[in-house]
Each structure stands twice: as C-alpha cells, then as structure tokens.
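Below is one structure; the comments refer to it alone.
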Amino acid sequence: MKKWMLVLVALFVSASAFSQTCLDDVWQCLRNKQVPKAKKFMESCMASNPDNAQVWLMQANVNVQLFNYDNEKREKDPTIAPRYPNALEDAYSAFLKAIELDSKVEPKTGMLGAIEGQKLLADPFYEKATNFAKKGKNEDAIKYYQLAANCYELAKIKSNAAACYLQMAIVYNQAGDKDNYEKMLEKCIKTNPDVSEAAYVELYYLYKDKKDTLKCGEVLAKAEKLFTGEKEVGLYEPMMDYYSMTGNTEKLLELCDKVIASGDKTMIPICATYLTNAKSYSKAEDLLKAELVNKPNDFELLRQMGYRFAVEYYDIQDRRQAAMNARQYDEATKLFQSPERKAAMENAHEWCQKAYDVNSDNLENNRILREMKILLGITVPQELNDKINARLQH
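Numbering (the working numbering), first residue to last: 1261 to 1654.
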C-alpha cells in the first residue's frame, strides 16, 4: 500500500512540475508578446492538466491576449478578419472554470486574476452586444448584453449592469417578446433604481396594457421620488396619462399648471390632450388659443383644438346614448337638439379643416374631419376620402 501511495505522490509531483514548466513557457511567451506561440504551448498544458486551476487561469489570460492581438491587427487594417473570433468568450469560460476548480487561485506575475479578468471583459462584451443589436441580430445581442451584465455585477458597477438590462429590454421589445421585455425592465430597476426614468416610463405603459392600475401607480410613485429636474420632465406625460386614467382631475390640473409654468412649449399639445380627455374643455381651449396667437399655423395646435371639440361632441353623444338606454327619451332628445352639440360639431369641423389645410396626411385628423362633414351635411372631398383610404390600406 505504501509503495502505491509513493507512486501516486510521485506522479502528482511529476504532473505538477510539468504543468509549472509548461505554464512558465506560456508566461514567457506572453511577456515577450509572442501570443500565437503562447497559444500553442497552452494547448500542450491543457492536454496534460485539464483539471488544474492555474492552467485554466493561464488559458484565460492567453485568450485575453489573443483578443488584444486581433484588435491590434485590425487597428492597422480594418479589413482583416479576426484570427481568434471566440477569444473573448473562451477567456470568460476559462476564468469561470479556474474559480470553479480553486476559488483562491492566484495568477503568475503580470497576469490577470480570475475576478479581475472577468471585470475587464465587461466593456468588450457590451461593445459586441451593441454591434449585434445594430445589425438586428437579437439573440447574439442579448447573449452579450447578459455576459456584460454578469461582468459588471462582479465588478459591482451596478449602473452599467442596469444599463445592460435596459438594452436587453429594448432588444426584446423590438423582437416582440413582451414578457422578457417586462422582466428586463424590472431587473434594470432592481439592479440600480435610478439608472433611467425611461425604464419606469416603459414599465408604466406595459402595466397599463395589462390594465394593472395598481402597478401603474406604484411604478410612477417610485420614479417621482428618484428623479427631479431635467429627468422629471420625462415623467410628465405618463403621470398625466395616469391621472386622466384614474379620474384624478385635481392632480392632472396641478401637473398641467406646473408643466405650463415651466415654459416648455412642446408640452402644450400634450397637456391639451389630457385636459380634453379629463373633460376640462375650457382649460384645454384657453391653453391652445394662447399659443395659437404666436403660432397660428402650427398643425399640432390646430389638430388638438379640433380634437378638443370632437371629444366634447362624443361626450354629449355618450350621454345621449346613456339616456336612451335608460329610456329617458326627453333627455336624449334634449341632448340631441342642444346648441352645445351643434357648436361642438361645427367647431371640431372648423379646426380640423384648418389643420388639414396645413397638413393633409394625418389620419386621425382626417377621420374626424370627414365625420364632422358627414354629420353637418357637408360634401366630403374625394381627396379626403382617398387620403384616408390610402392610410388605412398600409
């Protein structure tokens, strides 16, 4: 038994000595910038010591150097194809394997440790992911964003990891995968809550599509606490939408006043839309008229004014229908014959026509304009019909 033990010890010492000698050769090649030669030595080391943590760690270093070697060549001539296209991924796998075999494995002088090495792979992985995303290669983009996120998490750079999850969410959304889109947005926020107000806005609209009003309110409440100043502006529209959706007219009016006071003219049509939806018709009209003094031919302002009166007309019609359903025929007749109904139709037609004269290609405005012409007994121009039909066919 003792002889067998001695033989085993001798074999172990021999293998260990071989691996160290082999690794010394690789190390020397890397120090001398002889990267392809180091790769050949490394193949011999790996064949003889497949379960040695130091061998795997050196393998990872070789792959990092092979990646750099390719980059240096391509900097001189961008047309050159990479000689070692999988070097980065192989480096990552080798670093993980080294830690798996020995969590305390130490690198040779001048070489990367397993944790340090993985951290350095984050930016190259992110760059590869971005390039794949630009080319529409969604699966590859997601794969490399995930690898980059893993590396950033290891480096405790939470903001960058969250940015990876946000980019993954965008790719999933482009691919039509709403479930993973939602998961990545939630992971983004969980990883780094103040990474971007855009993540909260996107989640809000996802929850809205699911008719989850509770989550809509929760995600906006969290965002409000985190973002102020310029970033708060990005929350204004979803907040208006939420107040309008939940019937909180008081909060909606407060927010619109705040937005208008900020002087951001681009928000005026948006404010007008939500004020109209909240049946604050006079406030929406006053807001639009004040701006039309300065921009009398602004299509969006004109369109919103037409929309404001059209919604009032639809509101009267809804009340009339409700009265009919309740068999309150006198009330229904009164609403049908009301001057408010007629004025709403006429004003909607007038403003939608003005908007059409500025821009005749907006489908929503064109449809309202045609409807009002029909209701008022005005001949619908063939051009208007043609434009609506052409848009509906696309």
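Idealized CB from N, CA, C, for every residue including glycine.
Keep in mind that this is a model prediction, so the values were computed, not measured.
For this session: Could you check the C-alpha separation between Lys1491 and Ser1456 for me, to the nearest Å?
Result: Position 231 of the sequence shown, counted from the start, is the residue given in the question as residue 1491. Position 196 of the sequence shown, counted from the start, is the residue given in the question as residue 1456. Going from the Cα of Lys1491 to the Cα of Ser1456 covers about 8 Å.
Problem set entry | Run of the alpha helix (DSSP H) containing Met1444, from where it starts to where it stops | Counting from 1 along the sequence shown, the entry for residue 1444 is found at position 184. From DSSP, the alpha helix (DSSP H) with Met1444 extends over 1438-1451.
Exercise. Cβ atoms of Ala1459 and Cys1476: under 9 Å apart, would you say?
Worked result: For the purposes of this step, residue 1476 is identified with residue 216 of the sequence shown, where counting begins at 1. For the purposes of this step, residue 1459 is identified with residue 199 of the sequence shown, where counting begins at 1. The answer is no: Cβ separation not under 9 Å.
Exercise. Taking three-plus beta-carbon pairs below 8 Å as touching, is the segment 1346-1355 in contact with the segment 1312-1322?
Worked result: yes
Exercise. In angstroms, rounded to a whole number, what distance separates the CA positions of Phe1301 and Gly1370?
Worked result: Residue numbering aside, residue 1301 sits at position 41 when the sequence shown is read from its first letter. Residue numbering aside, residue 1370 sits at position 110 when the sequence shown is read from its first letter. Going from the Cα of Phe1301 to the Cα of Gly1370 covers about 18 Å.
Exercise. In chain order, what residues of the same chain have a beta carbon less than 6 Å from the beta carbon of Cys1612, not counting five sequence neighbours either side?
Worked result: Taking the first residue of the sequence shown as 1, we reach residue 1612 at position 352. Contacts found: Gly1566, Asn1625, Ile1628, Leu1629.
Problem set entry | Collapsed DSSP secondary structure at Gln1597 in the structure displayed | Taking the sequence shown and counting its residues from 1, one reaches residue 1597 at position 337. In the structure shown, Gln1597 sits in coil (DSSP, three-state: anything other than H, G, I, E or B).
Problem set entry | Unbroken alpha helix (DSSP H) run spanning Val1553, endpoints | Start at 1 with the first residue of the sequence shown, and residue 1553 comes out as number 293. Here Val1553 belongs to no alpha helix (DSSP H), and DSSP marks it neither H nor E.
Problem set entry | Inter-residue CB distance, Ala1421 and Tyr1412 (contact presumed, cutoff 8 Å) | In the sequence shown, the residue the question calls residue 1421 occupies position 161. In the sequence shown, the residue the question calls residue 1412 occupies position 152. Ala1421 to Tyr1412, Cβ: 4 Å. Contact.
Exercise. Hey, quick one: how far does the alpha helix (DSSP H) through Asn1508 stretch, first residue to last?
Worked result: In the sequence shown, residue 1508 corresponds to position 248, counting from 1. Here Asn1508 belongs to no alpha helix (DSSP H), and DSSP marks it neither H nor E.
Exercise. Of all the options Val1315, Leu1407, Ile1528, which has the alpha carbon lying nearest to the alpha carbon of Pro1367?
Worked result: In the sequence shown, counting from the first residue as 1, residue 1367 sits at position 107. The shortest C-alpha separation from Pro1367 is found at Val1315.
Problem set entry | Residue range of the unbroken alpha helix (DSSP H) whose run includes Met1584 | Along the sequence shown, one-based indexing puts residue 1584 at 324. Residues 1559-1585.
Problem set entry | Among Asp1575, Ala1586, Ala1582, nearest to Met1605 - alpha-carbon criterion | Here residue 1605 is taken as the residue at index 345 of the sequence shown, counted from 1. Of the candidates Asp1575, Ala1586, Ala1582, the one whose C-alpha sits nearest the C-alpha of Met1605 is Asp1575.
For this session: Compute the Euclidean distance between the alpha carbons of Ala1389 and Glu1399, then round it to the nearest angstrom.
Result: Position 129 of the sequence shown, counted from the start, is the residue given in the question as residue 1389. Position 139 of the sequence shown, counted from the start, is the residue given in the question as residue 1399. In a straight line, the C-alpha of Ala1389 is about 10 Å away from that of Glu1399.
For this session: Report the residue from Tyr1344, Ala1409, Ala1298, Glu1514 whose alpha carbon sits nearest the alpha carbon of Leu1283.
Result: In the sequence shown, the residue the question calls residue 1283 occupies position 23. If we check each option's Cα against that of Leu1283, Ala1298 comes out closest.
Problem set entry | Status (buried if at least 16 other CB within 10 Å, exposed otherwise) for Asp1330 | On the sequence shown, position 70 is the one that residue 1330 refers to. Per the 10 Å Cβ criterion, buried.
Exercise. Below 8 Å, can you find three or more Cβ-Cβ pairs linking the segment 1546-1553 to the segment 1583-1597?
Worked result: no
Exercise. In chain order, which beta strand (DSSP E) runs of at least 3 residues are fully inside the segment 1339-1365?
Worked result: none
For this session: Could you tell me whether the Cβ atoms of Asp1621 and Lys1647 are closer together than 9 Å?
Result: Sequence index remark: in the sequence shown, residue 1621 carries index 361 (1-based). Sequence index remark: in the sequence shown, residue 1647 carries index 387 (1-based). Contact flag set, yes.
Exercise. Does the separation of the CB atoms of Asn1386 and Cys1424 fall below 9 Å?
Worked result: Walking along the sequence shown from the start, residue 1386 turns up at place 126. Walking along the sequence shown from the start, residue 1424 turns up at place 164. It is Tyr, not Asn, that sits at residue 1386 in the sequence shown. Contact flag set, yes.
Exercise. Using a Cβ-Cβ cut-off of 8 Å (strictly less than) and excluding sequence neighbours within five positions of Met1261, which residues of its own chain qualify?
Worked result: Residue 1261 sits at position 1 when you count from the first residue of the sequence shown. With a pLDDT of only 47 at Met1261, under the threshold of 50, the placement of this residue in the model should not be trusted; the figure read from the coordinates follows. Result list for Met1261: empty, nothing under 8 Å.
Problem set entry | Chain-order list of residues whose beta-carbon lies under 8 Å from that of Glu1600 (same chain, five-residue window excluded) | Along the sequence shown, one-based indexing puts residue 1600 at 340. Hits under 8 Å: Glu1572, Ile1576.
Exercise. Taking just the CA atoms, how far does Gly1523 sit from Thr1639?
Worked result: Reading the sequence shown from its first residue, position 379 is the one you call residue 1639. Reading the sequence shown from its first residue, position 263 is the one you call residue 1523. Answer to the nearest angstrom: the Cα atoms are 41 Å apart.
Exercise. Could you check where the alpha helix (DSSP H) with Met1302 kicks off and where it finishes?
Worked result: Locating residue 1302 in the sequence shown gives position 42, counting from the first residue. Start and end: 1295-1308.
Exercise. In or out: Ala1374 buried (at least 16 other Cβ within 10 Å) or exposed?
Worked result: To locate residue 1374, count along the sequence shown from 1; it is residue 114. Under this definition Ala1374 is a buried residue.
Exercise. In or out: Ala1570 buried (at least 16 other Cβ within 10 Å) or exposed?
Worked result: Position 310 of the sequence shown, counted from the start, is the residue given in the question as residue 1570. When all chains shown are included, Ala1570 counts as buried.
Problem set entry | Three-state secondary structure (DSSP) of Asn1328 | As a working note, residue 1328 is residue 68 in the sequence shown. If DSSP states are grouped into helix, strand and coil, Asn1328 belongs with the helices.
For this session: For the alpha helix (DSSP H) containing Asn1312, list its first residue and its last residue.
Result: Counting from one through the sequence shown, the residue named residue 1312 turns up at place 52. No alpha helix (DSSP H) holds Asn1312; DSSP gives it neither H nor E.
Exercise. Where does Val1286 sit, in a helix, a strand or coil, going by DSSP?
Worked result: The residue labelled residue 1286 in the question sits at position 26 within the sequence shown. Here Val1286 sits in helix by DSSP.
Exercise. Relative to the alpha-carbon of Tyr1534, which residue among Lys1555, Pro1556, Met1499, Lys1357 has its alpha-carbon at the smallest distance?
Worked result: By 1-based counting over the sequence shown, the position of residue 1534 is 274. For Tyr1534, the nearest C-alpha among the options comes from Met1499.
Exercise. What do you reckon, are the CB atoms on Phe1559 and Asn1619 nearer than 9 Å?
Worked result: Counted from its first residue, the sequence shown places residue 1559 at position 299. Counted from its first residue, the sequence shown places residue 1619 at position 359. Yes.
Problem set entry | Thr1533 - containing alpha helix (DSSP H), residue span | Here residue 1533 refers to the residue found at position 273 when the sequence shown is read from its first residue. Residues 1528-1537.
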